[in-house]
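Under full-length UniProt numbering, the first residue of the sequence shown is numbered 1, with each subsequent residue one higher.
Every residue gets a Cβ at the ideal spot worked out from N, C-alpha and C, and that includes glycine.
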Amino acid sequence: MNNRVKALRTARKWTQREFAERLGVSRQSVHAIETQKYDPSLPLAFKIAGLFETTIEDIFEHRAD
Numbered sequence: 001m002n003n004r005v006k007a008l009r010t011a012r013k014w015t016q017r018e019f020a021e022r023l024g025v026s027r028q029s030v031h032a033i034e035t036q037k038y039d040p041s042l043p044l045a046f047k048i049a050g051l052f053e054t055t056i057e058d059i060f061e062h063r064a065d
């Protein structure tokens, strides 16, 4: 799954650590999501979208393999 998490996070000037704390996950989890090595659970995706005040569809895009 492609995502814009890193671009949105850096636009808000949040470090990975700050963003992770807001989400209640580890910094390593944020890194894995940003590098597209891990797709977040649906509840976490909703939480991410809520923090960025946008929709899940605006952040995540299905990647055809």
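Cut-off 8 Å between Cβ atoms - residues of its own chain near residue i, not counting five sequence neighbours on either side
i, result
"I59", "N3, R4, V5, L8, A45, I48, A49 and F52"
"S26", "A20"
For residue i, the first and last residue of its enclosing alpha helix (DSSP H)
i, result
"H31", "R27 to E34"
"F19", "Q16 to L23"
Buried/exposed call for residue i, threshold 16 Cβ in 10 Å
i, result
"P40", "buried"
"E34", "buried"
Spatial neighbours of residue i in its chain, beta-carbon cut-off 7 Å, leaving aside the 5 residues before and after
i, result
"H62", "M1"
Pick from the options that is closest to residue i, judged by C-alpha positions
i, options, result
"G24", "I56, T55, A64 and P43", "P43"
Practice prompt. Evaluate contact between the segment 9–21 and the segment 29–36, counting only Cβ atoms and requiring at least three cross-stretch pairs below 8 Å.
Written response: yes
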